[in-house]
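S.K.: In order, the protein sequences belong to chains A and D.
97 is the number that the numbering used here gives to position 97 of the first sequence; each next residue is one higher, with no gaps.
For any residue, its number in the numbering used here is found by taking its place in the second sequence, counting from 1, and adding 1000.
A virtual CB, placed ideally from N, CA and C, is assigned to each residue, including glycine.
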Amino acid sequence: MKLIFEKSQTGRRGGELPHYELPPAKVPDELRRETAPRLPELAEPEIVRHFTELSTRNFGIDTGFYPLGSCTMKYNPRVNERLAMLPGFRDLHPYQDEDASQGALELMWRLQEALIEVSGLHACSLQPAAGSQGELTGLLLMRAYFADRGEAEQRDTIITADTAHGTNPASVTMAGYNLAKVETDARGNVDVAHLRQMVDERTAGLMLTNPSTLGLFDEHIEEIAEIFHEVGALLYYDGANLNAVCGISRPGDMGFDIVHINLHKTFSQPHGGGGPGGGPVVVRDKLEPFLPVPALVRDGERFRLDHDRPKSIGKVRGFTGPFGVFVRSYAYIRSYGPRLREMSEVAVLNANYLLARLREAYDLPYDRLAMHEFVLSARSLKREHGITALDVAKRLMDYGFHPPTIYFPLVVPEALMVEPTETEAKETLDEFADAMLAIAREAENDPELLRQAPHARPVKRLDEVLAAKRAIVKYGFDQHPDLSGAQPEPRQLEAQKGT
Amino acid sequence: MSYLSLTERDREEMLAAIGVSSVEELFRDIPAGVRFGRELDLGPPLSEQELSRHLEELAARNVDSSKELSFLGAGIYDHYVPAVVDTVLQRGEFLTAYTPYQPEMSQGVLQAIFEYQTVICELTGMDVSNASGYDGTTVAADACYVAKHATGRTKVVVTEATNPQVRQVVKTYASGFGLEVVEVPHRGGVTDPDELRRAATDAACVIFQQPNFFGCLEPAPDLAAAANDAEAIAVAHVDPISLGVLEAPGAYGCGMAIGEGQSAGNYQSFAGPHYGFLAARKEFIRRMPGRIVGETLDAAGERGYVLTLQTREQHIRREKATSNITTNQTLLALAGLVHLSWLGPQGLREVGETCMSLAAYAQSRLADAGLEPAFSERTTFKEFAVRTGRNAQDAIRSARERGVHPGYALGRDYQGFDDALLVAVTERRTPADIDRLVEALAK
Chain A
1 MKLIFEKSQT
11 GRRGGELPHY
21 ELPPAKVPDE
31 LRRETAPRLP
41 ELAEPEIVRH
51 FTELSTRNFG
61 IDTGFYPLGS
71 CTMKYNPRVN
81 ERLAMLPGFR
91 DLHPYQDEDA
101 SQGALELMWR
111 LQEALIEVSG
121 LHACSLQPAA
131 GSQGELTGLL
141 LMRAYFADRG
151 EAEQRDTIIT
161 ADTAHGTNPA
171 SVTMAGYNLA
181 KVETDARGNV
191 DVAHLRQMVD
201 ERTAGLMLTN
211 PSTLGLFDEH
221 IEEIAEIFHE
231 VGALLYYDGA
241 NLNAVCGISR
251 PGDMGFDIVH
261 INLHKTFSQP
271 HGGGGPGGGP
281 VVVRDKLEPF
291 LPVPALVRDG
301 ERFRLDHDRP
311 KSIGKVRGFT
321 GPFGVFVRSY
331 AYIRSYGPRL
341 REMSEVAVLN
351 ANYLLARLRE
361 AYDLPYDRLA
371 MHEFVLSARS
381 LKREHGITAL
391 DVAKRLMDYG
401 FHPPTIYFPL
411 VVPEALMVEP
421 TETEAKETLD
431 EFADAMLAIA
441 REAENDPELL
451 RQAPHARPVK
461 RLDEVLAAKR
471 AIVKYGFDQH
481 PDLSGAQPEP
491 RQLEAQKGT
Chain D
1001 MSYLSLTERD
1011 REEMLAAIGV
1021 SSVEELFRDI
1031 PAGVRFGREL
1041 DLGPPLSEQE
1051 LSRHLEELAA
1061 RNVDSSKELS
1071 FLGAGIYDHY
1081 VPAVVDTVLQ
1091 RGEFLTAYTP
1101 YQPEMSQGVL
1111 QAIFEYQTVI
1121 CELTGMDVSN
1131 ASGYDGTTVA
1141 ADACYVAKHA
1151 TGRTKVVVTE
1161 ATNPQVRQVV
1171 KTYASGFGLE
1181 VVEVPHRGGV
1191 TDPDELRRAA
1201 TDAACVIFQQ
1211 PNFFGCLEPA
1221 PDLAAAANDA
1231 EAIAVAHVDP
1241 ISLGVLEAPG
1251 AYGCGMAIGE
1261 GQSAGNYQSF
1271 AGPHYGFLAA
1281 RKEFIRRMPG
1291 RIVGETLDAA
1301 GERGYVLTLQ
1311 TREQHIRREK
1321 ATSNITTNQT
1331 LLALAGLVHL
1341 SWLGPQGLRE
1351 VGETCMSLAA
1361 YAQSRLADAG
1371 LEPAFSERTT
1381 FKEFAVRTGR
1391 NAQDAIRSAR
1401 ERGVHPGYAL
1411 GRDYQGFDDA
1421 LLVAVTERRT
1431 PADIDRLVEA
1441 LAK
């Protein structure tokens, strides 16, 4: 379909503004814009049609099943959207006086308290804008904590698992730490023997997801925590998989000192095609003095922002964080209350049911009960029929499903990482399982059908190598590059995963 | 209230298929010592009606800009958000999609991001834009990370007239990046290019804001030249709503342009979620943080869009990535695209001119009433600092008693400005509103 710029006609316009009889603006000549930006010029009806048509070329949870592993694609309640748009929230300025924003501050305080309860720790900052920013915040908290103890120089290394999300090592580098990677054992747990060799007085901490990206709860978590605490190091919990354990096991009780929580996963902030998210951090009491400013505190029935925190790491984002996200996640938590436990139970039940239905047709690298997600491998399909995880993923689209996460975690070849979430009906799980089984049969009987898939989407497989080589990252108007001479091949990069 | 679908019968059938007798058994890998032994203390589950009532009560305790005439700005602005933005953002296909890892499922959002990148490049005069950053503060830290690796230098310069929140976030990140942050003071509301040139020696980048935090127009081309003379990357922090009127940073020598996108398409929402934008010259394309969408062809030779240059990113490059950004602010950036498409080039210029005229009118009316501008020599855009002749907090209190929030107390961040207010005037304010402001601030 056409780009919005290709529908533009000079002189056409959408909105009009009120006009006031005032002297015209005086822009100094040397600062005045010389050439107008080439924004689209369309009337409002055409704008609505353009974006409506784009939306029909997109797939969301509202469209269908979206078992993208590690992304927790659950239903996003519509009432939460309505509540976030209440004028008292939507039109509130962050510099409004505290006495005139008590409702917003109270909502944030209540959300903090709920996250503290769910994580089993002591203090919370809602400021980080996403999980990866929560990670960076957590690592900067470690830096500040050790600096305060005079151990900043000594402790220069963070350990992550080889199953970790890519954000973990990226955050380690951004925080100025060295990275060390611990291996995974045959049962899918952290290799404790390997870990013992690595941890010493240079270790600042561990970053771990539990359950891991393999969807497995680490059976040695208490021992792992002890190994780090014995040398005075800290444990960071990547909360990407918290949806498995709400009300069942708390990171603080597992021994973690810092947690980030992905509000756009466990607590249902819609993900908006890539964002927004929210990545609050929750910490043990000894780390509280270092949390970002301002801190939100309660004085009796009043709530206020405290900027006087001399040991704070500073600010990681503007103001007090993405408030609209807080409204939705707070609403989500209050709708469940203690039934969050049931939410996690059903997430785990759904995952294990799907696993039970699929385990004969696909390889299962770690044969254990899953938590909220599980990782299959298309290794045998590849060996026997030349069909890859990518082919399976693309064929699933023809059956009307969003594919699972593929090629992640990296320790599993031809990985298919499936997370159904708790909001799916059994019929949906069955339809998906039927499709996966049908695809395994197609791999044997008609592999070419899979290699050419998808057949029922607005585009065929795309040439990612060509995209990276030509790097056409904006519309060029009358000088837009012409790709028509290229010989496209459906070349896709294998790693397609983030958190 | 829950959003679960399973019936008792479903559960029984599913447990049988798994081969366990209870849900409890599914958790047998969790060591007994770390199991949670009580019920979560979160209050009882609420029905949709109860939930709505509870949140409506909380919302009612806030004084938003529909209840009080507001001249607050200082980084977040009450610009008009057209209805078409709400319409597009509530499309479930956009709202409830994840990051477009599977392009065949996500052409809608991928094309929208490609269009957004184009709009940001048009506004800023840059060659490449990412798909968005968290907000106007974090993109400044991102720019420092790009500059550090592009130049091999470990100092960054930020003008004091840059939004204090931006400076604070840069300083926080700098501790991890191993960067020294140097601030250059303002001189009567703007930055002195010669002073900036001296500070820029050996700097990776120089960040300045245009219009600056005081609303004053900086001599931006001279500031960019000062940075370039020192071979530091000139980074302009700009307001998208100003760029129909003010020159694009790319036209006066900047290497990067960043900013808070909120004024284009996002509600105030107590500061978020919003979007930050980061655009750069093409020489920096492989150092950019975050997602970038590129054009390509599909197997049938048809045009399509994909996430591209992913070898910069954390999921492939891991500890060597150009940033850890994963989740960004796509939906808010989409709002920006829709708003800017609705305005078009003419509308964008008119919004800028209207804000500027209204702000100039407010400044002159306040001066007539005896409230002098803090920087009378300077040209301002939609915001200006005014001396109230008394403690600004007192001025705010008494104006609010008359139903007007007159602005931000500048003394919170700048010494010697305890009596000054930063007053923001968007196109949503009318001349009559401004007359009310003058009355409310009159002594």
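For Ala1059/D and chain A, any beta-carbon pair shorter than 8 Å?
M.R.: As a first step, residue 1059/D must be located in the second sequence, where it is residue number 59. Output row for Ala1059/D: interface = yes.
S.K.: How big is the Cα-Cα spacing for Gly1347/D and Gly150/A?
M.R.: Position 347 of the second sequence holds residue 1347/D. Position 150 of the first sequence holds residue 150/A. Taking the straight line joining both Cα atoms gives about 57 Å.
S.K.: If we count Cβ pairs, one from each stretch, closer than 8 Å, do we get three or more for the region 1089–1109 of chain D versus the region 1244–1263 of chain D?
M.R.: No, they do not touch.
S.K.: Determine whether the Cβ of Phe146/A lies closer than 8 Å to any Cβ atom of chain D.
M.R.: Taking the first sequence and counting its residues from 1, one reaches residue 146/A at position 146. Judged by the 8 Å Cβ criterion, Phe146/A is not in contact with chain D.
S.K.: Using a 10 Å radius around the Cβ and a threshold of 16 neighbouring Cβ atoms, would you call Ser1450/D buried or exposed?
M.R.: As shown, chain D starts at 1001 and ends at 1443. That puts residue 1450/D outside it, with no answer to give.
S.K.: Does DSSP put Met73/A in a helix, a strand or coil?
M.R.: Counting from one through the first sequence, the residue named residue 73/A turns up at place 73. Looking at Met73/A - three-state DSSP - the assignment turns out to be coil, as it is neither helix nor strand.
S.K.: Less than 8 Å between the beta carbons of Asn168/A and Met207/A, yes or no?
M.R.: Taking the first sequence and counting its residues from 1, the one referred to as residue 168/A is at position 168. Taking the first sequence and counting its residues from 1, the one referred to as residue 207/A is at position 207. Contact: yes.
S.K.: Could you have a look at Pro1031/D and say whether DSSP puts it in helix, strand or coil?
M.R.: Walking along the second sequence from the start, residue 1031/D turns up at place 31. Of the three classes helix, strand and coil, the one that applies to Pro1031/D here is coil, per DSSP.
S.K.: Look up Thr499/A in the DSSP assignment and say whether it is helix, strand or coil.
M.R.: Residue 499/A sits at position 499 when you count from the first residue of the first sequence. Its pLDDT being 37, under 50, Thr499/A is placed unreliably in this model, and the value from its coordinates should be taken loosely. Here Thr499/A sits in coil by DSSP.
S.K.: For the region 1327–1400 of chain D, which segments carrying the beta strand (DSSP E) assignment without a break, of at least 3 residues, lie completely within its bounds, in sequence order?
M.R.: Listed in chain order, they are 1383–1387.
S.K.: Using DSSP bridges, identify the partner residues of Glu1260/D.
M.R.: Counted from its first residue, the second sequence places residue 1260/D at position 260. The partner list for Glu1260/D (beta bridge, DSSP) reads Gly1276/D.
S.K.: Is Val1293/D close to chain A? Criterion is C-beta to C-beta, closer than 8 Å.
M.R.: Against the second sequence, residue 1293/D aligns to sequence position 293. So yes, Val1293/D belongs to the interface.
S.K.: Please compile the residues from chain A whose C-beta is within a distance smaller than 7 Å of the C-beta of Tyr1134/D.
M.R.: Residue mapping note: residue 1134/D aligns to position 134 of the second sequence, counting from 1. Going along chain A in sequence order, the residues near Tyr1134/D (Cβ under 7 Å) are Ala129, Ala130, Gln133 and Arg317.
S.K.: What is the rounded straight-line gap between the Cα of Leu1015/D and the Cα of Arg357/A?
M.R.: Within the second sequence, numbered from 1, the residue matching residue 1015/D stands at position 15. Within the first sequence, numbered from 1, the residue matching residue 357/A stands at position 357. Spanning the two alpha carbons is a distance of roughly 12 Å.
S.K.: Taking all protein chains shown into account, decide if Arg1387/D is buried (16 or more other Cβ within 10 angstroms of its Cβ) or exposed.
M.R.: Looking up residue 1387/D in the second sequence gives position 387. Answer is buried; the Cβ neighbour count reaches 16.
S.K.: Just the C-alpha distance for Gly1075/D and Cys1355/D, rounded to the nearest angstrom, thanks.
M.R.: Position 75 of the second sequence, counting from 1, holds the residue named residue 1075/D. Position 355 of the second sequence, counting from 1, holds the residue named residue 1355/D. Each residue's Cα considered, the two are about 15 Å apart.
S.K.: Which residues bound the alpha helix (DSSP H) around Lys311/A?
M.R.: The sequence position of residue 311/A within the first sequence is 311, counting from 1. Premise fails: Lys311/A is in no alpha helix (DSSP H) and is neither H nor E.
S.K.: As a quick exercise: from Arg1402/D, Leu1051/D and Tyr1414/D, pick the residue whose alpha carbon is nearest that of Leu1069/D.
M.R.: The residue labelled residue 1069/D in the question sits at position 69 within the second sequence. Checked all of Arg1402/D, Leu1051/D and Tyr1414/D; the closest Cα to Leu1069/D is Arg1402/D.
S.K.: Residues in its own chain within less than 6 Å of Gly1336/D by CB, not counting five upstream and five downstream?
M.R.: Within the second sequence, the letter at position 336 stands for residue 1336/D. Excluding positions up to five away in sequence, the list reads Gly1261, Ala1264 and Gly1265.
S.K.: The region 17–40 of chain A: which residues have C-beta closer than 9 Å to a C-beta of chain D, in chain order?
M.R.: Listed by position along the chain: Leu17, Pro18, His19, Tyr20, Glu21, Leu22, Pro23, Pro24, Ala25, Lys26, Val27, Pro28, Glu30, Leu31, Arg32, Arg33, Glu34, Thr35, Ala36, Pro37, Arg38, Leu39 and Pro40.
S.K.: Using DSSP bridges, identify the partner residues of Asp299/A.
M.R.: Your numbering for residue 299/A matches position 299 in the first sequence. Paired residue(s): Arg302/A.
S.K.: What are the start and end residues of each continuous alpha helix (DSSP H) run of 4 or more residues lying completely inside the region 72–133 of chain A, in chain order?
M.R.: For the region 72–133 of chain A, whole alpha helix (DSSP H) runs of length 4 or above, ordered along the chain, are 78–84, 87–90 and 102–119.
S.K.: State the DSSP-derived secondary structure class of Asp1135/D, mapped to helix, strand or coil.
M.R.: The residue you call residue 1135/D lines up with position 135 of the second sequence. Coil at Asp1135/D, not helix or strand.
S.K.: If the cut is a Cβ gap below 8 Å, which residues of chain A does Glu1283/D touch?
M.R.: Here residue 1283/D corresponds to residue number 283 of the second sequence, with the count starting at 1. Within chain A, no residue comes near Glu1283/D; the closest Cβ sits about 12 Å away, beyond 8 Å.
S.K.: Pull up the distance between the alpha-carbon of Ser329/A and that of Asp1064/D, whole angstroms please.
M.R.: In the first sequence, the residue the question calls residue 329/A occupies position 329. In the second sequence, the residue the question calls residue 1064/D occupies position 64. One C-alpha to the other measures close to 21 Å.
S.K.: Who are the neighbours of Leu1051/D on chain A, taking C-beta pairs under 8 Å?
M.R.: Taking the first residue of the second sequence as position 1, residue 1051/D is located at position 51. The answer, in chain order, is Val79, Leu83, Ala331, Arg334 and Ser335.
S.K.: For Thr1124/D, name the three-state secondary structure that DSSP assigns.
M.R.: Here residue 1124/D refers to the residue found at position 124 of the second sequence. Helix, per DSSP.
S.K.: Within 10 angstroms of the Cβ of Asp1419/D, are there 16 or more other Cβ atoms? Answer buried if so, exposed if not.
M.R.: Position 419 of the second sequence, counted from the start, is the residue given in the question as residue 1419/D. By the 10 Å Cβ count, Asp1419/D comes out buried.
S.K.: Leaving aside the five residues before and after Met254/A along the sequence, list all residues of the same chain whose C-beta is less than 6 Å from its C-beta, in chain order.
M.R.: Taking the first sequence and counting its residues from 1, the one referred to as residue 254/A is at position 254. Hits under 6 Å: Ile221.
S.K.: For Glu1295/D, count neighbouring C-beta atoms within 10 Å of its own C-beta (all shown protein chains included) and say buried if the count is 16 or more, exposed if not.
M.R.: Residue numbering aside, residue 1295/D sits at position 295 when the second sequence is read from its first letter. It counts as buried.
S.K.: How should Lys497/A be labelled, buried or exposed, when 16 other C-beta atoms within 10 angstroms of its C-beta is the threshold for buried?
M.R.: Your numbering for residue 497/A matches position 497 in the first sequence. With a pLDDT of only 49 at Lys497/A, under 50, the local geometry of the prediction cannot be trusted, and the value read off the model is given with reservation. Counting Cβ neighbours within 10 Å, Lys497/A comes out buried, since at least 16 surround it.
S.K.: Would you say Leu287/A reaches chain D, if we count a Cβ-Cβ gap shorter than 8 Å as a contact?
M.R.: Your numbering for residue 287/A matches position 287 in the first sequence. By this cut-off, Leu287/A is not an interface position.
S.K.: Hey, does Lys497/A have any beta-carbon neighbour from chain D nearer than 8 Å?
M.R.: Counting from one through the first sequence, the residue named residue 497/A turns up at place 497. For Lys497/A, the pLDDT reaches just 49, beneath the cut-off of 50, and the residue's location in the model is therefore unreliable, although a value from the coordinates is still provided. So, interface residue.
S.K.: Closest by CA to Arg341/A, which one among Ala244/A, Ala204/A and Arg32/A?
M.R.: Counting from one through the first sequence, the residue named residue 341/A turns up at place 341. Cα-wise, what sits closest to Arg341/A is Ala244/A.
S.K.: Between the alpha carbons of Arg535/A and His93/A, how many angstroms are there, rounded?
M.R.: As shown, chain A starts at 1 and ends at 499. That puts residue 535/A outside it, with no answer to give.
S.K.: Under 7 Å Cβ-Cβ, which residues of chain D neighbour Asp253/A?
M.R.: What you label residue 253/A is simply residue 253 of the first sequence in a count that begins at 1. Neighbours of Asp253/A on chain D, chain order: Val1034 and Phe1036.
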